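Peer 1: This structure is in structure tokens; I'll ask about it shortly.
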Amino acid sequence: MDKQFKALMVREKDGLFNASVEQVPFAEMRQNEVLIKVNYSSVNYKDALSASGNRGVTRRFPHIPGIDAVGRVASSASDRFKEGDPVLITGYDLGMNTWGGFGEYISVPAAWIVPLPASLSPFEAMSLGTAGLTAGLSVFNLIEAGIDKDSGQIAVSGATGGVGSIAVAILSKLGYEVVAISGKNDEGFLTDILGAAASVPREAFVEKYNAKAMSSAEFAAGIDTVGGDVLSGILKSLKYNGVVTCCGNVASAQISTSIFPFILRGVKLIGIDSVEQPINFKEKIWNLLADEWKPTRLKDMTKEISLEQLADVLKTISEGKAKGRFVVNHRL
Ligand SMILES: NC(=O)c1ccc[n+]([C@@H]2O[C@H](COP(=O)([O-])OP(=O)(O)OC[C@H]3O[C@@H](n4cnc5c(N)ncnc54)[C@H](OP(=O)(O)O)[C@@H]3O)[C@@H](O)[C@H]2O)c1
Numbered sequence: 011m012d013k014q015f016k017a018l019m020v021r022e023k024d025g026l027f028n029a030s031v032e033q034v035p036f037a038e039m040r041q042n043e044v045l046i047k048v049n050y051s052s053v054n055y056k057d058a059l060s061a062s063g064n065r066g067v068t069r070r071f072p073h074i075p076g077i078d079a080v081g082r083v084a085s086s087a088s089d090r091f092k093e094g095d096p097v098l099i100t101g102y103d104l105g106m107n108t109w110g111g112f113g114e115y116i117s118v119p120a121a122w123i124v125p126l127p128a129s130l131s132p133f134e135a136m137s138l139g140t141a142g143l144t145a146g147l148s149v150f151n152l153i154e155a156g157i158d159k160d161s162g163q164i165a166v167s168g169a170t171g172g173v174g175s176i177a178v179a180i181l182s183k184l185g186y187e188v189v190a191i192s193g194k195n196d197e198g199f200l201t202d203i204l205g206a207a208a209s210v211p212r213e214a215f216v217e218k219y220n221a222k223a224m225s226s227a228e229f230a231a232g233i234d235t236v237g238g239d240v241l242s243g244i245l246k247s248l249k250y251n252g253v254v255t256c257c258g259n260v261a262s263a264q265i266s267t268s269i270f271p272f273i274l275r276g277v278k279l280i281g282i283d284s285v286e287q288p289i290n291f292k293e294k295i296w297n298l299l300a301d302e303w304k305p306t307r308l309k310d311m312t313k314e315i316s317l318e319q320l321a322d323v324l325k326t327i328s329e330g331k332a333k334g335r336f337v338v339n340h341r342l
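Just so you know, we're using our numbering here: the sequence shown kicks off at 11 and counts up by one.
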């Protein structure tokens, strides 16, 4: 095996963080149970936070971000996996303080690994990636709460982003009527590619549904990926027994609501975490994503990029300008 591997390394100098592609000696990588040769990694909002030196995500630098990866086992000290096995990793400490998928190799505990489902190609697995798992968990929670395709319209925020776009695509495939909330004027992407029934501009949504403590009851459920006034608006506009999941704080970590949606309409707010879920539950959601939930136009939602293009893409994501999914192909 090579004595070095290629990676996007983030280094700190005088309080500033700089990401560049480097050859990294294997000797510098912390050794774990299973060494994996990475084919693809996906680009997520959290990677942009890590690459910009956000201490809530990554405490130690130099660091290789990348919170998910798909590849083949290169060597294993665990009897659960053998050389050549196709595998998938999302979350836990990967890409946070453990070097992540923006390197050609990762070394992780066996307990973090999901076998790659047979009906998912490595490209599809990372086209979904952490965003897909999070969208899947959100959909799972709506279904568990009794929301079905006849319940009414489902509002999805951050709809052109990673989690939002996959949530819209899964729900549309399952026959739900989705209203996509987006800050971008891209009706074609939202309706033709993702399958939303309608879209509403983010600003108009915030203005319309936050005017009073309660708004007209319009949506059966919501999947919120941005927090702040958008989530506040969804809470106020849910129908009786409505449900909304929340997973992200791109807009804000604060919400502004009275308790009225909860005590007058029985609304439920469900928190979603994809990082620390038990591995068996992750595997269950991955099997759904690989099969009946797999978005039909996944390829059209995804751009393949090289490691060299990654720093620019991270910047686009941190500015909220990204559309769909970005997948790093280590062979490009
Ligand atoms: N809890 C978990 O396990 C988990 C897992 C994955 C992600 N997350 C979190 O979920 C959020 C979304 O992640 P992602 O990977 O989908 O990010 P992303 O690809 O960057 O998408 C975020 C989307 O949010 C919208 N947006 C951007 N700036 C905004 C603003 N100021 N106000 C309102 N909306 C804004 C944009 O969509 P539009 O232009 O279409 O509105 C953007 O594309 C992040 O906060 C991330 O940390 C949490």
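No residue lacks a Cβ here, since even glycine has one placed at the ideal position from N, Cα and C.
Keep in mind that this is a model prediction, so the values were computed, not measured.
Starting from the Cα of K246, find the closest Cα among G258, I265, A261 and give me that residue.
Peer 2: Counting from one through the sequence shown, the residue named residue 246 turns up at place 236. Of G258, I265, A261, the residue nearest in Cα terms is I265.
Peer 1: Just to confirm the assignment, what range does the alpha helix (DSSP H) spanning I176 have?
Peer 2: Position 166 of the sequence shown, counted from the first residue, corresponds to residue 176. That run of the alpha helix (DSSP H) goes 172-183.
Peer 1: Since V240 and I191 are thought to touch, with beta carbons under 8 angstroms apart, how far apart are those beta carbons, to the nearest angstrom?
Peer 2: Indexing the sequence shown from 1 puts residue 240 at position 230. Indexing the sequence shown from 1 puts residue 191 at position 181. Yes, V240 and I191 are in contact; Cβ-Cβ is about 6 angstroms, under 8 angstroms.
Peer 1: When you compare each of N64, Q14, R40, F15 to S328 by their alpha carbons, which one comes out closest?
Peer 2: Locating residue 328 in the sequence shown gives position 318, counting from the first residue. Comparing Cα-Cα distances from S328 to each of N64, Q14, R40, F15, the minimum goes to N64.
Peer 1: Using the Cβ count rule (16 or more neighbours within 10 Å means buried), how would you classify A208?
Peer 2: The sequence position of residue 208 within the sequence shown is 198, counting from 1. So A208 ends up on the exposed side.
Peer 1: Anyone know if the C-beta pair for I77 and G113 falls short of 8 angstroms?
Peer 2: Position 67 of the sequence shown holds residue 77. Position 103 of the sequence shown holds residue 113. No, the pair does not count as a contact, with Cβ atoms beyond the cut-off.
Peer 1: Considering only their Cβ atoms, is the gap separating G193 from R212 smaller than 8 angstroms?
Peer 2: Taking the sequence shown and counting its residues from 1, one reaches residue 212 at position 202. Taking the sequence shown and counting its residues from 1, one reaches residue 193 at position 183. Yes, Cβ-Cβ distance for R212 and G193 is below 8 angstroms.
Peer 1: Tell me whether F71 sits in a helix, a strand or coil according to DSSP, three-state version.
Peer 2: Taking the first residue of the sequence shown as position 1, residue 71 is located at position 61. It is coil, neither helix nor strand.
Peer 1: What's the gap between the Cα of G172 and the Cα of A263?
Peer 2: Within the sequence shown, residue 172 is the residue found at index 162, counting from 1. Within the sequence shown, residue 263 is the residue found at index 253, counting from 1. In a straight line, the C-alpha of G172 is about 18 angstroms away from that of A263.
Peer 1: For A300 versus S129, is the C-beta spacing smaller than 8 angstroms?
Peer 2: Taking the sequence shown and counting its residues from 1, the one referred to as residue 300 is at position 290. Taking the sequence shown and counting its residues from 1, the one referred to as residue 129 is at position 119. Yes, the Cβ-Cβ distance between A300 and S129 is below 8 angstroms.
Peer 1: Go through its chain and collect everything with a Cβ distance to G142's Cβ below 7 angstroms, but skip five positions before and after it.
Peer 2: Sequence index remark: in the sequence shown, residue 142 carries index 132 (1-based). Closer than 7 angstroms at the Cβ level, and outside the excluded window around G142, lie I176, L299.
Peer 1: Pop quiz: T100 and K292 are said to be a contact at Cβ under 8 angstroms. What is the actual Cβ separation, rounded to whole angstroms?
Peer 2: Counted from its first residue, the sequence shown places residue 100 at position 90. Counted from its first residue, the sequence shown places residue 292 at position 282. Confirmed, about 7 angstroms.
Peer 1: Name the DSSP bridge partner or partners of I233?
Peer 2: Your numbering for residue 233 matches position 223 in the sequence shown. DSSP, once it has assigned bridges, lists V166, T255 as partnering I233.
Peer 1: Consider the C-beta atom of A206 and the heavy atoms of ligand 1; say whether any pair is separated by less than 7 angstroms.
Peer 2: For the purposes of this step, residue 206 is taken as residue 196 along the sequence shown, with counting starting at 1. A206 Cβ: outside cutoff for every heavy atom of ligand 1.
Peer 1: Would you kindly work out how many angstroms separate the C-alpha atoms of Q33 and V166, rounded to a whole number?
Peer 2: To locate residue 33, count along the sequence shown from 1; it is residue 23. To locate residue 166, count along the sequence shown from 1; it is residue 156. Cα to Cα, the separation comes out at about 41 angstroms.
Peer 1: Is E217 helix, strand or coil when you go by DSSP?
Peer 2: Working through the sequence shown from its first residue, we reach residue 217 at position 207. If DSSP states are grouped into helix, strand and coil, E217 belongs with the helices.
Peer 1: Can you find the residues in the same chain that come closer than 6 angstroms, C-beta to C-beta, to N259, ignoring five residues on each side of it along the sequence?
Peer 2: For this step, residue 259 is matched to residue 249 along the sequence shown. Correct list, in chain order: G237.
Peer 1: Put I46 into one of helix, strand or coil per three-state DSSP.
Peer 2: For the purposes of this step, residue 46 is identified with residue 36 of the sequence shown, where counting begins at 1. Reduced to three states, the DSSP call for I46 is strand.
Peer 1: Counting pairs of beta carbons, one from the segment 220-233 and one from the segment 153-165, are three or more of them closer than 8 angstroms?
Peer 2: With the cut-off at 8 angstroms, the segment 220-233 and the segment 153-165 touch.
Peer 1: Let me know if N290 comes out buried or exposed under the rule of 16 or more other beta-carbons within 10 Å of its beta-carbon.
Peer 2: As a working mapping, residue 290 is identified with position 280 in the sequence shown. It is exposed - the Cβ of N290 has fewer than 16 other Cβ atoms within 10 Å.
Peer 1: Per DSSP, what kind of secondary structure is I123 in: helix, strand or coil?
Peer 2: Here residue 123 refers to the residue found at position 113 of the sequence shown. Three-state result, I123: strand.
Peer 1: Alpha carbon to alpha carbon, how far is Y50 from T68?
Peer 2: Translated into positions along the sequence shown, residue 50 becomes position 40. Translated into positions along the sequence shown, residue 68 becomes position 58. Rounded to the nearest angstrom, the two C-alpha atoms are 21 angstroms apart.
Peer 1: Apart from the five residues just before and just after C257, which ones in its own chain have a Cβ nearer than 7 angstroms to its Cβ?
Peer 2: As a working mapping, residue 257 is identified with position 247 in the sequence shown. Excluding positions up to five away in sequence, the list reads T144, S148, V173, T235, I282.
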